[in-house]
Amino acid sequence: MELSRKDYPAMLESLQPTQAVAVLNDRVKHIQRVNADIADFLQERRRLEDQYAQGLRKLAARQLPDAGADLGVFTLPWQRIVGATEALAESHHALAHKLEADVERPLRDFDKTNREMQAMSNISGNMAHMAKEIDSAQKRADKLKEKGAKAPAGKVATASTDVENANQQWGSQAPFVFEQLQSVDESRINQLRDALTQFQTLELDSIDRSRGPTEQCLGVILEVQTADEIKTGLVQVGRLSCLLNLAYALQYRSRSTVDFMA
2 MELSRKDYPA
12 MLESLQPTQA
22 VAVLNDRVKH
32 IQRVNADIAD
42 FLQERRRLED
52 QYAQGLRKLA
62 ARQLPDAGAD
72 LGVFTLPWQR
82 IVGATEALAE
92 SHHALAHKLE
102 ADVERPLRDF
112 DKTNREMQAM
122 SNISGNMAHM
132 AKEIDSAQKR
142 ADKLKEKGAK
152 APAGKVATAS
162 TDVENANQQW
172 GSQAPFVFEQ
182 LQSVDESRIN
192 QLRDALTQFQ
202 TLELDSIDRS
212 RGPTEQCLGV
222 ILEVQTADEI
232 KTGLVQVGRL
242 SCLLNLAYAL
252 QYRSRSTVDF
262 MA
């Protein structure tokens with residue numbers, strides 16, 4: 002049966018069976034470790050996004066120290082700023098949720114969802130057993146060779162046959178195991194590339210969602226005219242002056258009435 006992938010199987014030409022098993026196990030662990038490390042990074046990232054979203058919500062709900070203060074021409078811009086802060090909080094919350102569902106979890110679950118990866122544990126055990134069989138058969142054959150002519154011919158023939166059979170079994174199965182390992186690694190690489198692409202796409206989407214409210218805020222702020230605030234201030238001062246004069250007049254009239262009655 003022809004191999005469809007030949008890069009990893011080619012390594013067997015320069016590896017002893019025990020070395021090949023070690024390479025297989027190391028590669029499987031590498032796949033699991035890389036996915037877990039990146040998933041841990043993404044987990045911390047989404048936690049920070051959630052914390053930031055919570056902080057923004059708390060900030061948006063916060064009242065100015067002087068709740069009754071008149072912001073004048075800045076009333077509308079300030080409302081837009083608060084609204085943009087709430088929108089930004091929602092954007093980061095959505096990013097955190099999607100990071101977990103679309104990026105982190107698939108990476109963590111790779112060894113559970115990829116069938117070839119699921120089978121690697123049993124395959125590795127079988128490979129280790131075959132390598133051990135080769136090693137044991139070779140040791141038995143070597144001991145008989147050391148005895149030379151004293152070794153029973155039947156045992157020598159049997160030992161030689163055992164070595165040959167063990168090597169044949171290895172030669173017929175090991176290449177396909179390493180082909181499967183290459184397939185797993187290719188799937189892992191493709192998934193990781195897709196996951197990180199999705200990660201950056203989600204970030205760009207989050208930025209785009211917050212851009213609109215921010216641009217609206219900027220537009221409203223740029224429309225603020227200093228002269229309008231000055232005019233508003235003069236009107237307020239005039240009203241205050243009228244109220245003070247009226248209060249003074251009422252107070253004066255009240256005193257005059259009291260003096261007259263006296």
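Here the sequence shown is numbered in the numbering used here, starting from 2 and rising by one per residue.
We put the CB at the ideal spot given by N, CA and C, even for glycine.
Quick caveat: nothing in here was measured; it's all calculated off a predicted structure.
Could you pull out every residue in the same chain whose Cβ sits closer than 8 Å to the Cβ of Leu-16, ignoring the five residues on either side in sequence? The residue labelled residue 16 in the question sits at position 15 within the sequence shown. If we look at Leu-16 and ignore the five residues flanking it on each side, its Cβ neighbours are Val-24.
Any chance you could list the alpha helix (DSSP H) runs of at least 4 consecutive residues sitting entirely within the region 77 to 159, in chain order? Counting only runs of at least 4 residues, the region 77 to 159 fully encloses the following alpha helix (DSSP H) elements, listed from N- to C-terminal order: 106 to 109, 111 to 114 and 116 to 148.
Using the C-alpha atoms, what's the distance from Asp-27 back to Arg-109? Sequence index remark: in the sequence shown, residue 109 carries index 108 (1-based). Sequence index remark: in the sequence shown, residue 27 carries index 26 (1-based). Cα-Cα distance, rounded: 18 Å.
Rounded to whole angstroms, what's the CA-CA distance from Arg-141 to Leu-182? Just pull it up for me. To locate residue 141, count along the sequence shown from 1; it is residue 140. To locate residue 182, count along the sequence shown from 1; it is residue 181. Answer to the nearest angstrom: the Cα atoms are 31 Å apart.
Along the chain, where does the alpha helix (DSSP H) containing Lys-30 start, and where does it finish? What you label residue 30 is simply residue 29 of the sequence shown in a count that begins at 1. Per DSSP, the unbroken alpha helix (DSSP H) holding Lys-30 starts and ends at 18 to 61.
Leaving out five residues on either side along the sequence, give the residues of the same chain with a beta carbon under 7 Å from the beta carbon of Val-83. The residue you call residue 83 lines up with position 82 of the sequence shown. Leaving aside the five residues that flank Val-83 on each side, the residues in its chain whose CB is nearer than 7 Å to its CB run, in chain order, Ala-61.
Exposure label - Val-259; buried when at least 16 CB within 10 Å: Residue numbering aside, residue 259 sits at position 258 when the sequence shown is read from its first letter. Residue placement at Val-259 cannot be trusted, given a pLDDT of 49 that sits under 50; what the coordinates show is reported in the next sentence. It counts as exposed.
Beta-carbon proximity list for Gln-217, same chain, < 8 Å, skipping 5 on both sides: In the sequence shown, counting from the first residue as 1, residue 217 sits at position 216. So the qualifying residues of the chain are Arg-81 and Ala-85.
Would you kindly work out how many angstroms separate the C-alpha atoms of Gly-73 and Glu-91, rounded to a whole number? On the sequence shown, residue 73 is found 72 positions in, with the first residue counted as 1. On the sequence shown, residue 91 is found 90 positions in, with the first residue counted as 1. Looking at the two C-alpha atoms, the distance is approximately 29 Å.
So, using beta-carbon positions, are Leu-13 and Phe-177 closer together than 8 Å? Counted from its first residue, the sequence shown places residue 13 at position 12. Counted from its first residue, the sequence shown places residue 177 at position 176. No, these two residues do not count as a Cβ contact at 8 Å.
Keeping to the same chain, check which residues put their C-beta closer than 6 Å to that of Val-185; ignore five residues upstream and five downstream. Position 184 of the sequence shown holds residue 185. Cβ within range, chain order: Glu-117 and Met-118.
Assuming contact is defined by CB atoms lying nearer than 8 Å, are Ala-21 and Ala-175 in contact in what I supplied? To locate residue 21, count along the sequence shown from 1; it is residue 20. To locate residue 175, count along the sequence shown from 1; it is residue 174. In contact: Ala-21 and Ala-175 (Cβ atoms closer than 8 Å).
Using the rule of at least 16 other Cβ atoms within 10 Å of the residue's Cβ for burial, across every protein chain shown, is Ser-173 buried or exposed? For the purposes of this step, residue 173 is taken as residue 172 along the sequence shown, with counting starting at 1. Residue burial annotation: Ser-173 is exposed, with fewer than 16 other C-beta atoms found within 10 angstroms of its C-beta.
Can you say whether Phe-261 is buried or exposed, counting buried as having 16 or more other CB atoms within 10 angstroms of its CB? Your numbering for residue 261 matches position 260 in the sequence shown. With a pLDDT of 49 at Phe-261, under the threshold of 50, the modelled position of this residue cannot be trusted; read the value that follows with caution. Here Phe-261 is exposed, its C-beta having fewer than 16 other C-beta atoms within 10 Å.
Restricting to Cα atoms, I'd like to know which of Leu-203, Val-157 and Asn-36 is closest to Leu-193. Within the sequence shown, numbered from 1, the residue matching residue 193 stands at position 192. Measuring from the Cα of Leu-193, the nearest candidate turns out to be Asn-36.
Alpha carbon to alpha carbon, how far is Ala-129 from Thr-19? As a position in the sequence shown, residue 129 is number 128, starting the count at 1. As a position in the sequence shown, residue 19 is number 18, starting the count at 1. Distance between Ala-129 and Thr-19, taken at the CA atoms: about 7 Å.
Does Arg-189 pass the burial test, meaning 16 or more other C-beta atoms within 10 Å, or should it be called exposed? The residue given as residue 189 occupies position 188 in the sequence shown. By the neighbour-count criterion, in which 16 or more other beta carbons inside 10 Å mark a residue as buried, Arg-189 falls on the buried side.
Taking DSSP as the reference, what is the three-state secondary structure of Phe-261? Position 260 of the sequence shown holds residue 261. Bear in mind that the predicted position of Phe-261 carries a pLDDT of just 49, short of 50, making it too unreliable to give a figure here.
Should Phe-42 be labelled buried (16 or more other beta-carbon atoms within 10 Å of its own) or exposed? Counting from one through the sequence shown, the residue named residue 42 turns up at place 41. Answer is exposed; the Cβ neighbour count stays below 16.
Cβ-based burial, Ser-207 [other Cβ within 10 Å; buried from 16]: For the purposes of this step, residue 207 is identified with residue 206 of the sequence shown, where counting begins at 1. Looking at its Cβ environment, which holds 16 or more other Cβ atoms inside 10 Å, Ser-207 is buried.
Looking at Ala-88 and Pro-214, is the spacing between their C-beta atoms short of 8 Å? Position 213 of the sequence shown, counted from the first residue, corresponds to residue 214. Position 87 of the sequence shown, counted from the first residue, corresponds to residue 88. A contact, by the Cβ cut-off of 8 Å.
With distances taken from CA atoms, which of Arg-212, Gln-226, Glu-165 and Gln-64 is nearest Asp-136? If you number the sequence shown from 1, residue 136 lands on position 135. The shortest Cα separation from Asp-136 among Arg-212, Gln-226, Glu-165 and Gln-64 belongs to Glu-165.
Spatial neighbours of Thr-114 in its chain, beta-carbon cut-off 8 Å, leaving aside the 5 residues before and after: As a working note, residue 114 is residue 113 in the sequence shown. So the qualifying residues of the chain are Pro-107.
What distance in whole Å lies between the Cβ atoms of Ala-97 and Arg-58, which are believed to be in contact at a cut-off of 8 Å? Translated into the one-based positions of the sequence shown, residue 58 becomes position 57. Translated into the one-based positions of the sequence shown, residue 97 becomes position 96. At roughly 13 Å, the Cβ-Cβ gap does not stay under 8 Å, so Arg-58 and Ala-97 are not in contact.
Where does Arg-6 sit, in a helix, a strand or coil, going by DSSP? Counting from 1 along the sequence shown, the entry for residue 6 is found at position 5. For Arg-6, the three-state secondary structure derived from DSSP is coil.
Thinking C-beta only, is Leu-205 closer than 8 Å to Asp-103? Here residue 103 refers to the residue found at position 102 of the sequence shown. Here residue 205 refers to the residue found at position 204 of the sequence shown. No, the Cβ-Cβ distance between Asp-103 and Leu-205 is not below 8 Å.
Simplified DSSP assignment, three categories, for Val-225: The residue you call residue 225 lines up with position 224 of the sequence shown. Coil at Val-225, not helix or strand.
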